[in-house]
Amino acid sequence: MNTMINEDELERRYAIQKGTDALKQLRAAFDRASRDLAQYESRYEEAEGLKEKAQVLNWALNLVSTGVLPNARLDLTACAQAELHAIAKREGRA
0 MNTMINEDEL ERRYAIQKGT DALKQLRAAF DRASRDLAQY ESRYEEAEGL
50 KEKAQVLNWA LNLVSTGVLP NARLDLTACA QAELHAIAKR EGRA
């Protein structure tokens, strides 16, 4: 039984794993953001005045704009997608 893996198959498996890892990173970032946003929802409901409610909304906007996307590591997803596409194209499947 030959258990040797050729270089193309190894590259293919590695690219698939990178895609899996990228999706897990995306999910983790959105899961964290979802938990944080749930806390902001509670704080918003508990806020007494309009100024305090506005501040909570500002925190939520800040979380989405500066916390979610950087933590999602879109670069990892884009690289994995490009690598898979290149392999598919090379294999004549694109």
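Note that numbering that gives the first Met the number 0 gives residue 89 to position 90 of the sequence shown, counting from 1, and the numbers run on in steps of one.
We put the beta carbon where it would ideally sit given N, CA and C, even for glycine.
Alpha carbon to alpha carbon, how far is Ala-14 from Glu-8? Give it in angstroms, no decimals.
-> For the purposes of this step, residue 8 is taken as residue 9 along the sequence shown, with counting starting at 1. For the purposes of this step, residue 14 is taken as residue 15 along the sequence shown, with counting starting at 1. Straight-line Cα distance between these residues: approximately 10 Å.
Where the alpha helix (DSSP H) containing Ser-64 begins and where it ends | Here residue 64 refers to the residue found at position 65 of the sequence shown. Element bounds for Ser-64: n/a, residue is neither H nor E.
Can the beta-carbon of Asn-61 be found closer than 7 Å to that of Ala-28?
-> Within the sequence shown, numbered from 1, the residue matching residue 61 stands at position 62. Within the sequence shown, numbered from 1, the residue matching residue 28 stands at position 29. No, they are not a contact pair.
On the premise that Tyr-43 lies in contact with Lys-52, defined as a C-beta separation below 8 Å, what is that separation, rounded to the nearest angstrom?
-> For the purposes of this step, residue 52 is identified with residue 53 of the sequence shown, where counting begins at 1. For the purposes of this step, residue 43 is identified with residue 44 of the sequence shown, where counting begins at 1. The pair is a contact, with the Cβ atoms about 6 Å apart (cut-off 8 Å).
Return helix, strand or coil for Arg-26, following the three-state DSSP convention.
-> Counting from 1 along the sequence shown, the entry for residue 26 is found at position 27. Arg-26 falls in the helix class under three-state DSSP.
Mind checking which residues open and close the alpha helix (DSSP H) that includes Ala-46?
-> If you number the sequence shown from 1, residue 46 lands on position 47. From DSSP, Ala-46 is part of no alpha helix (DSSP H); its letter is neither H nor E.
Alpha-carbon to alpha-carbon, Ile-4 and Ala-81 = As a position in the sequence shown, residue 81 is number 82, starting the count at 1. As a position in the sequence shown, residue 4 is number 5, starting the count at 1. Using only the alpha carbons, I get a separation of about 23 Å.
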